[in-house]
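Going line by line, the protein sequences match chains A and B. According to our numbering, the first sequence is numbered sequentially starting from 148. According to our numbering, the second sequence is numbered sequentially starting from 148.
2 protein chains.
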Amino acid sequence: MLDNITEISILYDFYGVLLPPKQREIFRLYYEDNLSLGEIAEEYGLTRQGIHETVKRGEKKLREFEAKLRLIHKFEKEEEIIEKLKKDIEQIIYVHKEDSELTAKLEQIKERITKLNQ
Amino acid sequence: MLDNITEISILYDFYGVLLPPKQREIFRLYYEDNLSLGEIAEEYGLTRQGIHETVKRGEKKLREFEAKLRLIHKFEKEEEIIEKLKKDIEQIIYVHKEDSELTAKLEQIKERITKLNQ
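Here is the structure:
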């Protein structure tokens, strides 16, 4: 189970770009720069409560994007498959370790698979 | 170069879910069911011009989503890498065709790589 801040950070990495600029900026100050609601409020000349609501609205939107697009879900599923593929290739490399030409090719394939989800 | 309808269909596949329900519905009738603007206008009790504007607004939004999230771009890049990986594995299989245990394992890896972008 991810804690709330980690969850929001991941959501922000995937969907932050879809938030309106001002909301995104406030979000960034709060979650990345760790400014307090009061500090952000002062910077924007808004109330602490206003900033709090903006952050909460942003969180809700990010969760809605994931519910609709499921990019994080797909990413995690792909990561799992990639990890499994890498292990299977490593096993083949181990079994055929005397065949340097084969293992070199498989190492290269493994590297390229690793980069697929980046 | 993709024609406009193909381009919009792909954009809709990736981002249609982010359009508001009514806009999405009109979009679907126009692009998937190939109803005319006039037919959709009649169904909704709106003007042909109103439907035309809704469709155009939808297209603009879909393009904005791609400009921000780049999912189609990433998908196509991944497809290219996957195709290349498959070919390289096929070549190894061909070279080692007498080793049925190895080729069976590589065939299975190839299958799983193919499914990564689906």
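No residue lacks a Cβ here, since even glycine has one placed at the ideal position from N, Cα and C. None of these values were measured; they are calculated from a predicted model.
Residues of the region 189-218 of chain B with a C-beta less than 7 Å from any C-beta of chain A: K215, L216, listed in chain order. Contact check for I157(B) and I219(B): beta-carbon distance about 6 Å, within the 8 Å limit, so the pair qualifies. Within the same chain, I260 come within 7 Å of L232(B) by CB-CB distance, once the 5 residues on both sides are set aside. Of all alpha-carbon atoms in G185(A), F161(A), R171(A), G192(A), the one lying nearest the alpha-carbon of G205(A) is that of R171(A). Among the residues facing chain A, L166(B) is not included, as its CB has no counterpart in that chain under 8 Å away. Just measuring C-alpha positions, the residue of S247(B), P168(B), K203(B), R217(B) sitting nearest N151(B) is K203(B). Not a single C-beta of chain B is nearer than 8 Å to the C-beta of I240(A). L209(A) is positioned such that its CB atom lies closer than 8 Å to that of Y162(A).
Interface residue (Cβ-Cβ distance to chain A less than 8 Å): D235(B) is classified as such. Counting only the Cα atoms, N181(B) lies some 15 Å from R195(B). In the three-state scheme derived from DSSP, where H, G and I count as helix and E and B as strand, L249(B) is classed as helix.
With fewer than 16 other beta carbons inside 10 angstroms of its own, Y241(B) counts as exposed.
Against R259(A), the close residues of chain B are I228, K231, L232, D235, in the order they occur along the chain (beta-carbon pairs closer than 9 Å). When CB distances to chain A are screened at a threshold of 7 Å, the residues of the region 152-185 of chain B falling below it are V164, L165, in chain order.
At a cut-off of 8 Å between beta-carbon atoms, K252(A) makes contact with chain B.
Per DSSP, the unbroken alpha helix (DSSP H) holding D235(B) starts and ends at 218-242. Note that the C-beta distance between I256(A) and D235(B) is below 8 Å. Within chain B, no C-beta atom comes nearer than 8 Å to that of E245(A); the closest sits roughly 13 Å away. Relative to E223(A), the option among E237(A), L263(A), Q238(A) whose CA is nearest is L263(A).
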